[in-house]
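Just add 323 to wherever you are in the sequence shown, counting from 1, and you've got my numbering.
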Amino acid sequence: KIVLTRESLMNMKEDLISSEKISVDLETTGIDPFNCSIVGISFSNQPSKAWYIPVGHKYLNAPMQLSTDEIAPVLRSILENPDIKVCGHNIKFDFHILKKLGIKIKNIWFDTMVASYCLNPSRKSHSLKNLSIEYLNKSMATIETLIGKGKNQITMADVDINSAGKYSCQDADFTLQLACLFEPILVEKKIDKLFFDVEMPLIEVLADMEETGIKLDIEYLEKLSDEFKKEIESTESEIYQLAGENFNINSPKQLSYILFEKLKLPVIRKTKTGRSTDEDVLNVISQQHPLPSKLIRYRELQKLKSTYIDSLLNLVDRNTSRIHTSFNQTVTATGRLSSTEPNLQNIPIRTPEGKKIRRAFISEENCVLVSADYSQIDLRVLAHVSADEALKDAFFHNKDIHTSTACEIFGITPEKVTPELRRIAKTINFGIIYGMSSYGLAQELNIDQKQAQEYIDNYFKKYSGVRKWIDEILSFARKNGYVKTLLNRIRYLPEINSNNGQVRSFAERIAINTPIQGTSADIIKVAMINIYKKLNEEKLKTKMLLQVHDDLLFEVPEPEIEKVKKIIKKEMETAVNLSVPVLVDIKTGHNWRDME
């Protein structure tokens with residue numbers, strides 16, 4: 324039904340207000356929730372029944388439509404009613420748009436995209452079209468049939484109301500049908516607790532973080548961009564000098580002519596299209612000539628400038644100086660979050676350039692940034708799931724875990740552990756979590772494979788509980804075809820019994836790593852929900868800004884600092900009950916680089 328009059332709006336309200344479950348779907352002029360406007364909204368409360376309220380169709384001779392001001396009170400009475408369970412597909416998007424209209428969905432009950440992800444995180448697509456074909460055996464019109472694609476693409480506002488209504492009503496209808504279908508499957512697979520207690524409450528937390536954004540020092544970034552530009556240009560002229568001629572550095576063909584024909588450097592690896600000039604090749608030949616290391620530097624600077632500095636400057640909101648990333652809940656196979664436009668989770672932290680970029684993220688006046696970082700959460704999770712006594716003991720006595728491992732592997736006392744031996748132990752500690760083989764360890768530490776195997780054998784001698792746990796997890800995976808995290812997040816491993824050794828050992832590494840990394844991801848999600856709840860309860864002005872794997876970043880008004888630090892520490896350390904202590908390191912500062 325298309326709703327064009329006040330009367331039909333009231334009839335719709337009457338019908339929806341008495342529903343237990345409804346679905347909502349918004350049509351907008353774009354896909355960035357902060358830069359698009361609403362065109363229409365659809366609701367469904369039972370199969371094959373839906374309404375579409377157009378508000379922003381602007382084509383020639385479009386009929387008169389209700390205004391957002393007219394429909395807002397009605398939407399509010401439905402969506403802010405705590406007794407009505409609301410579902411959507413990627414409902415975080417709809418949450419943002421509705422919030423701009425002053426409407427806050429009270430009871431986010433179900434997101435079919437997130438449910439599909441919980442049922443199988445490795446699935447190629449969690450799109451509504453895809454799920455409708457597979458689970459409902461119904462095909463849907465694609466958005467392109469309405470708005471076209473490429474240069475001639477129009478927006479939803481230019482689409483005929485009847486076509487848009489049909490499309491949007493189908494979205495709402497199928498979303499509700501899928502939600503009702505998925506709910507018992509989640510219960511049967513015992514993922515309902517994870518879904519309803521973690522993933523669903525997290526949606527509002529993420530939406531709030533996205534809306535808040537993080538402040539950038541634009542002037543500083545512009546200077547940094549110039550600084551990088553100058554260094555790129557000077558590296559470029561050094562490259563031309565070493566090559567004895569000017570050429571296109573970004574052309575693999577011209578580059579391989581210079582390296583392998585003109586300078587006669589050895590060809591390390593061939594590709595389908597010619598001779599490889601990627602970073603590991605350049606590293607090998609850089610021992611014989613200074614040009615390859617200049618090339619590595621040139622590429623590094625180019626990437627940092629375009630991926631980080633320039634994209635931050637392009638994406639920042641010039642009115643508020645804040646940048647708004649998107650957190651994706653349905654991308655990684657382990658349960659970790661990812662972030663896009665821009666990706667703020669992989670800004671290098673250790674390199675001098677990465678540090679310069681982090682310096683651009685600043686706090687508002689009279690606020691500070693507070694960063695809270697789980698200390699070695701993956702290894703603590705390993706100690707918990709494996710119940711290894713030696714590992715647990717190290718955490719109970721707050722020993723430095725890498726020094727402890729070095730003592731165990733090399734049979735020495737703590738005072739004899741040099742930084743180099745600690746580095747080896749650290750590589751092994753983390754390597755074990757990633758299911759690293761002796762070959763991988765040998766590569767990483769630059770030692771021979773026999774020596775690497777010896778280190779691994781010594782590790783398992785001392786941490787026999789870890790060895791036992793790995794054997795158990797692999798046999799569970801082979802038998803069941805999946806592994807799960809502490810909170811029951813599932814990851815399927817179809818390749819675990821493959822006849823191809825390489826494929827199989829990759830699946831084995833995933834089987835070992837997922838229960839650990841996935842549990843850490845679950846823990847931080849629970850912590851985020853609890854902190855968000857507590858900050859709201861206490862009516863604090865502090866805002867959570869970012870989640871970077873084991874680290875949370877907040878913007879805190881100065882008077883709240885001490886109180887908020889206590890809340891963060893308590894909620895993060897008690898989010899999930901492990902058999903070893905969980906520790907959080909808290910630092911504060913006025914920019915993201917200089918925190919102490």
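All C-beta atoms, glycine included, are put in the ideal place defined by N, C-alpha and C. Bear in mind that the values here come from a model prediction, so they are computed numbers and not experimental data.
Per DSSP, the bridge partner or partners of ALA651: Reading off the sequence, residue 651 comes out as Asn, not Ala. DSSP, once it has assigned bridges, lists SER661 as partnering ASN651.
Within a Cβ cutoff of 7 Å, which residues of the same chain sit near GLU559, ignoring the five residues on either side of it in sequence? Short of 7 Å from the beta carbon of GLU559, and not among the five residues preceding or following it, lie these beta carbons of its own chain, in chain order: ILE572 and TYR621.
For THR391 versus VAL378, is the C-beta spacing smaller than 8 Å? Yes, the pair counts as a contact, with Cβ atoms nearer than the cut-off.
Quick check: the segment 866-874 against the segment 532-539, are at least 3 beta-carbon pairs closer than 8 Å? When Cβ pairs closer than 8 Å are counted between the two stretches, the segment 532-539 is seen to touch the segment 866-874, the count reaching three or more.
What number of angstroms, rounded off, separates the C-alpha of ILE700 from the C-alpha of ASN914? Roughly 25 Å between the two C-alpha positions.
Check whether the segment 776-794 touches the segment 754-764, counting contact only when three or more Cβ pairs, one atom from each stretch, lie closer than 8 Å. Yes, they touch.
Using the Cβ count rule (16 or more neighbours within 10 Å means buried), how would you classify SER448? Flag for SER448 reads exposed.
In chain order, which beta strand (DSSP E) runs of at least 3 residues are fully inside the segment 430-482? Qualifying beta strand (DSSP E) stretches, in chain order: 431-434.
Which residues mark the beginning and the end of the beta strand (DSSP E) in which TRP374 is found? Taken as a continuous stretch (DSSP letters only), the beta strand (DSSP E) holding TRP374 covers 372-377.
Rounded to whole angstroms, what's the CA-CA distance from ILE361 to PHE497? Just pull it up for me. Whole-angstrom Cα-Cα distance: 21 Å.
Counting Cβ pairs closer than 8 Å, one from the segment 741-750 and one from the segment 721-732, do we hit at least three? Yes, the segment 741-750 touches the segment 721-732.
Less than 8 Å separating the beta-carbons of SER491 and GLY411? Not in contact: SER491 and GLY411 (Cβ atoms no closer than 8 Å).
Selection from ASN637, GLU533, ASP633 and LYS910 that minimises the alpha carbon distance to PHE357: Comparing Cα-Cα distances from PHE357 to each of ASN637, GLU533, ASP633 and LYS910, the minimum goes to GLU533.
Would you mind stating whether GLU403 and LYS422 have Cβ atoms separated by less than 8 Å? No; because the gap between Cβ atoms is not below 8 Å, this pair is not in contact.
Between the segment 649-662 and the segment 513-529, do at least 3 Cβ pairs fall closer than 8 Å? Under the 8 Å Cβ criterion, the segment 649-662 counts as touching the segment 513-529, having at least three qualifying pairs.
Residue burial classification, ASN606 (beta-carbon count within 10 angstroms, cutoff 16): With fewer than 16 neighbouring CB atoms inside 10 Å of its own CB, ASN606 falls in the exposed class.
The beta strand (DSSP E) that contains PHE357, what's its start and end? Counting along the chain, PHE357 sits inside no beta strand (DSSP E), nor does DSSP assign it H or E at all.
Kindly provide the ranges of any alpha helix (DSSP H) runs that are 4 or more residues long and lie completely inside the segment 576-654, ordered along the chain. You should have 602-608, 614-626 and 634-638.
Opening and closing residue of the alpha helix (DSSP H) in which ALA502 lies: 484-511 is the span of the alpha helix (DSSP H), which, as asked, contains ALA502.
Using CA coordinates, which residue listed in ASP696, ILE376 and LEU565 is at the minimum distance from ASP908? If we check each option's Cα against that of ASP908, ASP696 comes out closest.
Compute the distance between the beta-carbons of LYS888 and SER694, then report whether it is under 8 Å. At a Cβ-Cβ threshold of 8 Å, LYS888 and SER694 do not count as neighbours.
State the Cα-Cα distance for the pair LYS552 and GLY567, rounded to the nearest angstrom. Each residue's Cα considered, the two are about 22 Å apart.
In or out: LEU635 buried (at least 16 other Cβ within 10 Å) or exposed? With 16 or more Cβ atoms within 10 Å of its Cβ, LEU635 is classed as buried.
Given a threshold of 16 other Cβ atoms within 10 Å of its Cβ, counted over all protein chains shown, does PRO615 qualify as buried or as exposed? By the Cβ-count criterion, PRO615 is buried, with 16 or more other Cβ atoms from all chains shown falling within 10 Å of its own Cβ.
Distance, Cα to Cα, ASN443 vs ILE619? Those two C-alpha atoms are separated by around 39 Å.
Spatially closest choice to SER649 from ASN334, ASP355 and GLU330, by CA coordinates: Across the set ASN334, ASP355 and GLU330, the C-alpha of ASP355 shows the shortest separation from the C-alpha of SER649.
Considering only the alpha carbon of each residue, which of ASP520, LEU398, GLU676 and SER644 lies closest to ILE340? Of ASP520, LEU398, GLU676 and SER644, the residue nearest in Cα terms is LEU398.
Just the Cα atoms here: how many angstroms apart are GLU712 and GLY788? GLU712 and GLY788 have their C-alpha atoms some 7 Å from each other.
Is it buried or exposed, GLN493, if we count other Cβ atoms within 10 angstroms and call 16 or more buried? By the 16-neighbour rule on beta-carbons within 10 angstroms, GLN493 is buried.
Any beta-carbon of chain D closer than 8 Å to the one on ALA834? This model lacks chain D altogether; it includes just one protein chain.
Measuring CB atoms only, is the segment 888-899 touching the segment 709-724, in the sense that at least three cross pairs come out at less than 8 Å? By the Cβ test, the segment 888-899 is not in contact with the segment 709-724, since fewer than three Cβ pairs between them sit closer than 8 Å.
Could you give the distance in angstroms between the alpha-carbon of ALA464 and the alpha-carbon of THR842? Rounded to the nearest angstrom, the two C-alpha atoms are 39 Å apart.
Secondary structure at GLU923, three-state DSSP: helix, strand or coil? Outside the modelled stretch of the chain, which goes from 324 to 919, sits residue 923, for which no answer is possible.
So, are the CB atoms of ILE793 and PRO838 less than 8 Å apart? No.
DSSP beta-bridge partners of VAL899: VAL899 pairs with nothing; no bridge assigned.
Apart from the five residues on each side of it in sequence, which residues of its chain come closer than 7 Å, Cβ to Cβ, to GLY804? Around GLY804: TYR815, LEU816, PRO817 and ILE819.
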